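Colleague: Please read through the structure below; I'll follow up with questions.
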Amino acid sequence: MSAQTFDLAVIGGGVIGLAHAYTAARAGMRVAVIEKDPCANGASIRNFGFVTVTGQERGDSWTLARRTRDVWAEIAPQAGVRIEQRGLYLTARSAEAVAVIEAFLATEMGEGCDLLRPDTFRRAAGGLGGPDLMGALYSPHDLRVESRTAIPALAAWLAEAFGVTFFNQTVAFEATPPKIRTSRGVVEAGAVVVCPGDDFVTLYPERIAAYGLRKCRLSMVKLADPGLRLPGALMSDLSLTRYRGYSALPPARALEARLRAEQPSHFKNGVHLIVAQGADGGLIVGDSHHYDDLPGPFAPAEAERDILDEYARATGRAPPPVLERWTGVYAVADERTYLIDTPEPGVRLVIVTSGTGASTGFGIAERVIGDLLGLTAETAT
Ligand SMILES: Cc1cc2nc3c(=O)[nH]c(=O)nc-3n(C[C@H](O)[C@H](O)[C@H](O)COP(=O)(O)OP(=O)(O)OC[C@H]3O[C@@H](n4cnc5c(N)ncnc54)[C@H](O)[C@@H]3O)c2cc1C
Numbered sequence: 001m002s003a004q005t006f007d008l009a010v011i012g013g014g015v016i017g018l019a020h021a022y023t024a025a026r027a028g029m030r031v032a033v034i035e036k037d038p039c040a041n042g043a044s045i046r047n048f049g050f051v052t053v054t055g056q057e058r059g060d061s062w063t064l065a066r067r068t069r070d071v072w073a074e075i076a077p078q079a080g081v082r083i084e085q086r087g088l089y090l091t092a093r094s095a096e097a098v099a100v101i102e103a104f105l106a107t108e109m110g111e112g113c114d115l116l117r118p119d120t121f122r123r124a125a126g127g128l129g130g131p132d133l134m135g136a137l138y139s140p141h142d143l144r145v146e147s148r149t150a151i152p153a154l155a156a157w158l159a160e161a162f163g164v165t166f167f168n169q170t171v172a173f174e175a176t177p178p179k180i181r182t183s184r185g186v187v188e189a190g191a192v193v194v195c196p197g198d199d200f201v202t203l204y205p206e207r208i209a210a211y212g213l214r215k216c217r218l219s220m221v222k223l224a225d226p227g228l229r230l231p232g233a234l235m236s237d238l239s240l241t242r243y244r245g246y247s248a249l250p251p252a253r254a255l256e257a258r259l260r261a262e263q264p265s266h267f268k269n270g271v272h273l274i275v276a277q278g279a280d281g282g283l284i285v286g287d288s289h290h291y292d293d294l295p296g297p298f299a300p301a302e303a304e305r306d307i308l309d310e311y312a313r314a315t316g317r318a319p320p321p322v323l324e325r326w327t328g329v330y331a332v333a334d335e336r337t338y339l340i341d342t343p344e345p346g347v348r349l350v351i352v353t354s355g356t357g358a359s360t361g362f363g364i365a366e367r368v369i370g371d372l373l374g375l376t377a378e379t380a381t
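For the sequence shown, this note's numbering begins at 1 and goes up steadily by one.
This is how it looks when you write it as structure tokens:
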């Protein structure tokens, strides 16, 4: 173990941990990251890498997402992370879905967004769109990175450019600054941020239990290159009932009633559609949502069938062959999109509880680091 003393130890090397490490290191702090795996292997590398602004819950989450998108855009070129896609297209197949989009556009969140006619969308999207396409929401605000390479690249850049020290394959089991006890000895740091993702038991289990968190398992696939470039990430009608920035709008009730009647299996499996394209042309497509205290490894085949069915409905094309399958797990709470807790002085516990960590993490980190290390707005941002 290093004899060095750090200003901040971050426990957890996922996107939330790295966001805190970046924010503190950029402000000149000496930072260590303690990660139990050889490198991040959880939700942060399994996701779409979709830095979603449009559709985030109105107010705080939407504000955090805009800030987080700006930080990704600023640091990606420095960290060697490619912005794979910009913008979002959300297709609508019913009058009820169009009504939700229109209501969204009438809010402050609709600024810069547009409702495209079917032929405009089809032209932009290489002819994609089913026969019942009625229009598409376009948002210019969103970004997409390839998480499986972006997260390791971000970690390597933090080490190289800011001297962040990574203790990998190291479990932290007690965080009482100035001493953090780990499976490899003691790390000394003045303050600690614990970003454990879906590990509710190793650190502060009683504290975490009080929030009544559950876990959610998602099914994902990678499809072969469809032979066209998508103009941005793609979503569809079902997303309007899932993302709180849309689903909280009054017209979403009628849409949900219609979709529940027409696509009951999609609701049973919590399926909605995100299609994101990478540099190799392949499509990252998902997802489903199954809630459990112990989400096992057994993903029902019908969830994947429903995802591919929604792909076919939204694009009007048969899905390309499946190249890869995986599942991922994240923490969820009914009443909050994230939590920041102070289990003891000098320690913050930070868990994103809404499956939006890649989209809100840097914004959250600026608040936490600013408060914990007493930084001013200028130095923390
Ligand atoms: C399939 C899927 C798709 C998603 N799509 C998106 C998306 O497109 N956009 C978006 O914004 N969000 C998305 N999300 C949600 C997003 O991935 C999560 O909100 C985010 O990754 C959470 O980051 P984290 O760092 O808190 O957790 P994790 O990535 O789980 O990282 C936590 C880390 O902490 C480590 N750890 C825990 N306890 C200890 C300890 N005691 N000692 C040492 N190490 C410890 C773990 O090993 C782990 O590496 C998706 C999630 C999934 C699963």
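Ideal Cβ positions, reconstructed from N, Cα and C, are used throughout, including at glycine. Predicted, not measured: the structure shown is a model, and the values here were computed from it.
Where does Ala155 sit, in a helix, a strand or coil, going by DSSP?
Modeller: It is helical.
Colleague: Classify Ile83 as helix, strand or coil using the three-state DSSP reduction.
Modeller: Ile83 falls in the coil class under three-state DSSP.
Colleague: Can you tell me the Cα-Cα spacing of Ile45 and Leu133, whole angstroms?
Modeller: So the two alpha carbons sit approximately 33 angstroms from each other.
Colleague: So the candidates are Pro297, Gly278, His290, Gly316; which of them puts its Cα closest to the Cα of Arg82?
Modeller: Of the listed residues, the one whose Cα sits closest to Arg82 is Gly278.
Colleague: With Thr315 as the anchor, note down where its alpha helix (DSSP H) starts and where it stops.
Modeller: 301–315 is the span of the alpha helix (DSSP H), which, as asked, contains Thr315.
Colleague: Please report the Cβ distance between Pro231 and Tyr330, rounded to the nearest whole angstrom; I am assuming they are in contact, meaning their Cβ atoms lie under 8 angstroms.
Modeller: At roughly 28 angstroms, the Cβ-Cβ gap does not stay under 8 angstroms, so Pro231 and Tyr330 are not in contact.
Colleague: Please tell me whether Pro77 has its Cβ less than 8 angstroms away from any Cβ of chain B.
Modeller: Reference to chain B is not applicable here, since this structure consists of a single protein chain.
Colleague: Which residue from Thr182, Glu310, Gly80, Val221 puts its Cα closest to that of Ala161?
Modeller: If we check each option's Cα against that of Ala161, Gly80 comes out closest.
Colleague: Within 10 angstroms of the Cβ of Asp119, are there 16 or more other Cβ atoms? Answer buried if so, exposed if not.
Modeller: Result: exposed.
Colleague: Which term fits Asp280, buried or exposed, when burial requires 16 or more other beta carbons within 10 angstroms of its beta carbon?
Modeller: Asp280 should be labelled exposed.
Colleague: Which same chain residues end up closer than 8 angstroms to Gly190 when comparing Cβ atoms and leaving out the 5 residues on each side of it in sequence?
Modeller: Closer than 8 angstroms at the Cβ level, and outside the excluded window around Gly190, lie Thr5, Phe6, Asp7, Leu8, Pro177, Pro178, Gly346.
Colleague: Is the closest heavy atom of ligand 2 to the C-beta of Asn168 under 7 angstroms?
Modeller: In the structure on display, ligand 2 does not appear, and the ligands it does have are ligand 1.
Colleague: May I ask you to check if the CB of Tyr211 is nearer than 7 angstroms to at least one heavy atom of ligand 1?
Modeller: No.
Colleague: Quick check: what's the CA-CA separation for Val285 versus Asp306?
Modeller: Computed Cα separation, rounded: 11 angstroms.
Colleague: Any idea what DSSP makes of Asp341, helix, strand or coil?
Modeller: If DSSP states are grouped into helix, strand and coil, Asp341 belongs with the strands.
Colleague: In this structure, does DSSP put Glu188 in helix, strand or coil?
Modeller: In the structure shown, Glu188 sits in a strand (DSSP, three-state: E or B).
Colleague: Just reading off the alpha helix (DSSP H) that Phe383 is part of, what are its end residues?
Modeller: The requested residue 383 does not occur in the structure, where the chain is confined to residues 1 to 381.
Colleague: Residue ranges of each beta strand (DSSP E) run of no fewer than 3 residues wholly in the segment 45–112, ordered along the chain?
Modeller: Segments of the beta strand (DSSP E) lying fully in the segment 45–112: 85–92.
Colleague: Among residues of its own chain, excluding the 5 on either side of Asp225, which ones have a beta-carbon nearer than 6 angstroms to its beta-carbon?
Modeller: For Asp225, where only same-chain residues beyond five positions count, the Cβ hits under 6 angstroms are Gly281, Gly282.
Colleague: State the beta-bridge partners of Arg348 as determined by DSSP.
Modeller: Per DSSP, Val193.
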